[in-house]
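Data block below; observations after.
In full-length UniProt numbering, the protein residues as written are 1 to 444.
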């Protein structure tokens, strides 16, 4: 008879390892900077030391040649700082179509649109839709679309029949305000419709294992970034709100760590709300000017470090259509041993603790729901009016494939105790946003 070796319950810690720095790039005269990169050789696992420093580095330099910005706008107007090209009719029209406002400088006669668009606020939540999206971290990145650009148009969207009830202290009267019935639609939004749709029923799911629950939450996070969630034992609710700047899965993970014993089971109660549907422009997209600058500064010759930094800043993908809304959710933690002792059935406990849903109010505007459509970040270069960018698009596509392999949580390898590898971004530098991979979920 062959006996099986007993696997140690405490795996050996594996520390993070970074490779050696690569060669510096040539000096970019207009930036007066040079760059270098090092790869992630080994992610930290099982409580190992995390990497110190970043995988990107830059330094000031002075190139042998002077900075010469190519004028590519012909007879059109060129923004001073970013080099964006604008049609002449957009100059001195009252809108800052350049980030630096140079299109509205030294205007003797400002041609204001027939409709006074200054009274309309931008569509709420449009900045979130304009952001890139990182499928590995499941977080939003910097802006890809320019939501401040209107293309000289004054197009508005109707906010339904909703009106805010207000009080005028001078006249001592109540009245309905109409100033938020219309919002100005940015150029990059092809369609936008407000709608108030919500599930008429509250759904519930039961889980015997914390790992199964966490997997479900992480899967749902990829389609809804704005949620209000609660995790707690019966009778002691505890809620945490995770907006688009936070990771819902990470929030749930931190709260579930103390409930990873086998004596616990879980009940997930949730409902969805949809507030708007949108579709982005597919052709002649106006990129965010900061992204435009970063794109123009990428070298024609392939350099993985610089292209990977671009992907890290602006996301692996961008949004093309979807819905705005959120999820109201509560996770009830049940002690199976106590339930068996008391003779309590799961359905009875569900009815008895129905009031635990009350803390779950609010939510955030975010791209959510299974109708959200994403495209790889390199595809957006096909749909701008910036001229020939095929070389950079191919470089970006090549870098994306390498980036997805380098920073994928699967590199952590198999976890012990039924654990799941996750992509962790602790220790983000203010200058660079370095992803680190860890699988420290011992027992979870």
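Using N, Cα and C, we set each Cβ at its ideal position, and we do this for glycine too.
A quick note: this is a predicted structure, and the numbers were derived from the prediction, not measured.
Item	Value
Under 8 Å by Cβ, that's how I've got residue 274 and residue 323 pegged, so tell me the actual separation to the nearest angstrom.	5 Å
Run the CB neighbour count on residue 158, radius 10 Å, all protein chains shown included, and call it buried at 16 or more, exposed below.	exposed
For residue 282, I'd like the list of residues in its chain whose CB is within less than 8 Å of its CB, leaving aside the five on either flank, ordered along the chain.	190, 320 and 383
Pull up the CB-CB distance for residue 145 and residue 130, whole angstroms please, since I reckon it's below 8 Å.	4 Å
Distance check for residue 299 and residue 291, CA to CA, integer angstroms please.	15 Å
Look at residue 455 and residue 380 and say whether their C-beta atoms are less than 8 Å apart.	The structure shown has nothing for residue 455, since the chain only spans 1 to 444.
Shorter than 7 Å, the distance from the beta carbon of residue 18 to the closest heavy atom of the ligand HEM, or not?	Summarising the ligand content, the structure contains no ligands, and the ligand HEM is consequently not present.
What does the alpha-carbon distance come out to for the pair residue 79 and residue 29?	19 Å
Could you tell me whether the Cβ atoms of residue 90 and residue 100 are closer together than 8 Å?	no
Using 10 angstroms around the beta-carbon of residue 134, count the other beta-carbons present and answer buried if the total reaches 16, otherwise exposed.	buried
According to the neighbour-count rule (16 or more other Cβ atoms, all chains shown, within 10 Å of its Cβ), is residue 311 buried or exposed?	buried
Alpha carbons only, please: which of 386, 415 and 329 is nearest the one belonging to residue 267?	329
I believe residue 38 touches residue 19 by the beta-carbon criterion, under 8 Å. Please report the beta-carbon distance rounded to the nearest angstrom.	5 Å
In chain order, what residues of the same chain have a beta carbon less than 7 Å from the beta carbon of residue 16, not counting five sequence neighbours either side?	42, 43, 44, 48, 49, 50, 51 and 436
With a threshold of 6 Å on Cβ separation, who are the neighbours of residue 233 within its own chain once the five nearest residues in sequence on each side are excluded?	Residue confidence for residue 233 is low, a pLDDT of 40 falling below 50, so the modelled location carries little weight and cannot support an answer.
Could you give the uninterrupted runs of the alpha helix (DSSP H) lying entirely in the region 372-417, keeping only those of 4 residues or more?	390-406
Over what stretch of residues does the alpha helix (DSSP H) that includes residue 306 continue unbroken?	304-314
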